[in-house]
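Protein chains in written order, with the numbering used here: chain A, 1 to 185; chain B, 186 to 931. See below for the structure under consideration.
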């Protein structure tokens, strides 16, 4: 009994002392999805994220990543949406100060799917903050009558509070329009 | 044995403690090693986000552990204090001291070290290093940019010529090749290439530049050049010989010719390249990369600082956890035995003598626990002994109570009055007979001093007797006897008072017992008997002289009637007899008169030796063969006596002694002080006195001689009594009698 109480108190304190995600450094705008060939293509733009902190980090030559988390949910009207699947797109940028170009790699669930080289920050910002028609989810085996939606959130690294507490920087979850799998029911 | 029990046992195992401390030391050593190695690790690894979060969670767990250990113990201590468990206050103070002594220095050290670390990290990036590195990087970039500008200029110059060639015609291409070679040499380039859009046309390479093959600028480069008009690249030269290859491309439309330059033709792109020698390129790259490395550190400054602080916090928390635990452990090692002892003391105080302290300790506290248990065992055995003694005492008390009740009943029922006092003269028992004799109530007597209880002039005689006894007037046997005459309630009373000292086994005086016997009636009876005897004796004594007188008178009458011629002779003889017998009667009457008229003694200082000497001299050579001697102790204290009366008493005693002693024999008069009294003894070696006569020896008119008045010893008794003394008679050894006179010296 006493051990249970101690465990509960400890868990509560851990939750209280856990690094809370920091908000309000960028937001996802224009999350749109399209269904094509049984796959969900997602497009989004991350605005107000490529600021001084991120630019400084990229220009220093450190690998700098923005992680986009996509979540496919089943829409439920009077209850929380039902989670179905999640995928992660990691956009990693690295600057070569001698060659003076940026290499941007795209990894979907850890697998490299694209790589680009850009030579200025504007192109870099566009490469890192714009996702265009990315095929992320397969709709096979899902009932056609379900109403689905995609949620997305971006993780922009971390910073520290009070010099020691690491805080993850994330955007709010953005939701796409709700959609159904096209075709005859 | 369950887990708790095993844990409890192992908790006291010193090997476990040493093992725990060794493990902690290993952890600290490992942490220290990691901190040392972290300098060698790349910054992005040290500042890795995952590492930061892991470190933070480890610290959170450690913080919770420390809080849990401290709060749990604090809570337990508060509960114990609230429930007023013995020893909890002491335990609280000890734990607070131990934990405080470990917490405060560690926290202070952490605060100071944290601030130092924070300041140090800030100072690293405030040094003049950054401008120096920035300048170096700028120089390197300027070098590359200069070469880029030169290559762009050269590429434009080449483009200006190349655009006039009709590349569709083979002879023109040969001419272009020759011209490109000339331009390569003229412009001191290492690479000069011509593209039509992204299609390769021709290129020349400086064979001395160390570039074994034509570098591929890439489609992006050509597109950028075509789109923007110019493009530059810095890349590794092919062949792997090091150095850096700067490529600059410019684009321009070809001059329209008959075969080429029709509308929509691809632009011409001329790429000029210069290879920078490895030594120079290496220095330039190092300058750029050094500045980049500094910028990386700067960007990661917060994370770096957080990493170091978290590692330091982790080590601090480990120390804190260890020191708190050790402090609590040490406090517990001290307080548990003391608490057990306090609890044991409490249990003992409420009578649980069977309680034993069960604490494993092998130090001084162990000795204390052992001594406590031994003391408790002794207390328990003593208590059993005491209880047994108490039971025996109760039985004895019951028996004594019965005996006391019996004694009280006896005392209440005896005719004699019995009064007892303690050593200081306070009356604590007085039986009913005594109260009746003394005409007093119990509350007037009990608990009072004798002087207070018997303050009136008559009863004061009793107080005087007890006071005298208290001052040592008892005889050798601890007993003093005196006849007292008191007037109580208008009646004349005579008491035989006997005071006996009660002494303990060590001889200490415990108190006195006064036994009063009312002898008034007895004395009256004795006096009546004495008077009868006296009357008989007087009648006898008077009759003795009267008979010769009557016979002498009858003889004279007869002689006269017969006219006896010897009448005159007979008259003379008769008168002689009558006169003699009348004289005897006269002496007898005088003796009685003297006894009756004996005056009160008039004490005065007396030289007792002289008095005894003069008296003894009267009897020297009185009876042949009987020696009479006196023996008076020298240096007698001043004595107040009536010398005439004492001499009279001695003469009476010596008369009897000399008469009772046959030759050869002796009579001795001895005088000496004993226990505050003057003791005068007259002893003889005569016939002695029968026991039945001793009781009546001092009564008036009692005589064993069959003649005399019987007043001699009565006079002795009267004289001694008037001097507040006593007289007794005892057998002399081996024969004879001893008369002892005890007279108070004061």
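Using N, Cα and C, we set each Cβ at its ideal position, and we do this for glycine too. These numbers were taken from a predicted model, which means no experiment stands behind them.
Report task. Determine the extent of the alpha helix (DSSP H) in which residue 491 of chain B is found, giving its start and end residues. Result -> It spans 486 to 534 - the alpha helix (DSSP H) in which residue 491 of chain B sits, taken as one unbroken run.
Query raised in the report: Is the CB-CB distance between residue 503 of chain B and residue 236 of chain B below 8 Å?
Result: Cβ distance not < 8 Å, so residue 503 of chain B and residue 236 of chain B don't count as in contact.
Requested in this report: Could you give the DSSP three-state label for residue 679 of chain B: helix, strand or coil?
Outcome: strand
Requested in this report: Output the distance between the C-alpha atoms of residue 767 of chain B and residue 753 of chain B, rounded to the nearest integer angstrom.
Outcome: Taking the CA atoms as reference points, residue 767 of chain B sits about 21 Å from residue 753 of chain B.
Requested in this report: Flag residue 420 of chain B as yes if its beta-carbon sits less than 8 Å from any beta-carbon of chain A, otherwise no.
Outcome: yes
Query raised in the report: Mind checking if residue 40 of chain A is an interface residue toward chain B, Cβ cutoff 8 Å exclusive?
Result: no
Query - Within 8 Å, strictly: CB atoms of residue 339 of chain B and residue 466 of chain B - result: In this structure, residue 339 of chain B keeps its C-beta atom at 8 Å or more from the C-beta atom of residue 466 of chain B.
Query - Start and end residues, beta strand (DSSP E) containing residue 68 of chain A - result: 64 to 74
Query raised in the report: Just to confirm, are residue 435 of chain B and residue 419 of chain B a CB contact at a threshold of 8 Å?
Result: Going by C-beta atoms, residue 435 of chain B is not nearer than 8 Å to residue 419 of chain B.
Query raised in the report: At least one CB of chain A closer than 8 Å to the CB of residue 491 of chain B: is that the case?
Result: yes
**Report entry** Extent of the continuous alpha helix (DSSP H) run through residue 289 of chain B
**Finding:** 273 to 309
Query raised in the report: Would residue 885 of chain B be called buried (16 or more neighbouring beta carbons within 10 Å of its own) or exposed?
Result: buried
Requested in this report: Kindly provide the ranges of any alpha helix (DSSP H) runs that are 4 or more residues long and lie completely inside the stretch 861 to 889 of chain B, ordered along the chain.
Outcome: 876 to 879
Report task. Flag this pair as yes or no: are the beta carbons of residue 702 of chain B and residue 681 of chain B separated by less than 8 Å? Result -> The Cβ-Cβ distance between residue 702 of chain B and residue 681 of chain B falls below 8 Å.
**Report entry** Length of the line joining the Cα atoms of residue 570 of chain B and residue 612 of chain B
**Finding:** 37 Å
Requested in this report: Kindly indicate the opening and closing residues of the beta strand (DSSP E) around residue 118 of chain A.
Outcome: 111 to 118
Query raised in the report: Could you give the distance in angstroms between the alpha-carbon of residue 804 of chain B and the alpha-carbon of residue 904 of chain B?
Result: 21 Å
Query raised in the report: Beta carbon of residue 137 of chain A, beta carbon of residue 72 of chain A: below 8 Å?
Result: yes
Requested in this report: Count the other C-beta atoms from every protein chain shown that fall within 10 angstroms of the C-beta of residue 128 of chain A, then say buried if there are 16 or more, exposed otherwise.
Outcome: buried
Requested in this report: Kindly say whether residue 498 of chain B, judged by its beta-carbon, lies nearer than 8 Å to any beta-carbon of chain A.
Outcome: yes
Query raised in the report: Of the residues A:123, A:102, A:149, A:48, which one's Cα is nearest the Cα of residue 170 of chain A?
Result: A:48
Query raised in the report: For residue 760 of chain B, does the count of other Cβ atoms within 10 angstroms reach 16, so buried, or fall short, so exposed?
Result: It counts as exposed.
**Report entry** Opening and closing residue of the beta strand (DSSP E) in which residue 808 of chain B lies
**Finding:** Segment: none, residue 808 of chain B is in no beta strand (DSSP E) and carries neither H nor E.
Requested in this report: Note the first and the last residue of the continuous alpha helix (DSSP H) segment covering residue 242 of chain B.
Outcome: 234 to 267
Requested in this report: Measure from the C-beta of residue 405 of chain B to each C-beta in chain E and report whether the shortest distance is under 8 Å.
Outcome: Of the protein chains in the structure, A and B, none is chain E.
Requested in this report: Evaluate residue 28 of chain A with the Cβ neighbour count: other Cβ atoms within 10 Å of its Cβ, from every protein chain shown; 16 or more gives buried, anything less gives exposed.
Outcome: buried
Query raised in the report: Any idea what DSSP makes of residue 380 of chain B, helix, strand or coil?
Result: strand
Query raised in the report: In chain order, what residues of the same chain lie with their CB nearer than 8 Å to the CB of residue 668 of chain B, ignoring the 5 residues before and after it?
Result: 679, 680, 681, 682, 704, 906
**Report entry** Assigned exposure category for residue 728 of chain B - 16 Cβ within 10 Å defines buried
**Finding:** exposed
Query - Cα-Cα separation between residue 97 of chain A and residue 66 of chain A, rounded to whole angstroms - result: 21 Å
Query raised in the report: Among residues of its own chain, excluding the 5 on either side of residue 146 of chain A, which ones have a beta-carbon nearer than 6 Å to its beta-carbon?
Result: 74
Requested in this report: Would you mind stating whether residue 397 of chain B and residue 376 of chain B have Cβ atoms separated by less than 8 Å?
Outcome: no
Requested in this report: Mind checking which residues open and close the beta strand (DSSP E) that includes residue 855 of chain B?
Outcome: 850 to 859
Report task. List the DSSP bridge partners of residue 46 of chain A. Result -> A:28
Query raised in the report: Since residue 651 of chain B contacts residue 697 of chain B with CB under 8 Å, what's their CB separation in whole angstroms?
Result: 6 Å
Query - Pairwise C-alpha distance: residue 388 of chain B and residue 446 of chain B - result: Residue placement at residue 446 of chain B is poorly supported in this model, since its pLDDT is 47, which falls under 50; the coordinates still yield a value, given next. C-alpha separation (whole angstroms): 21 Å.
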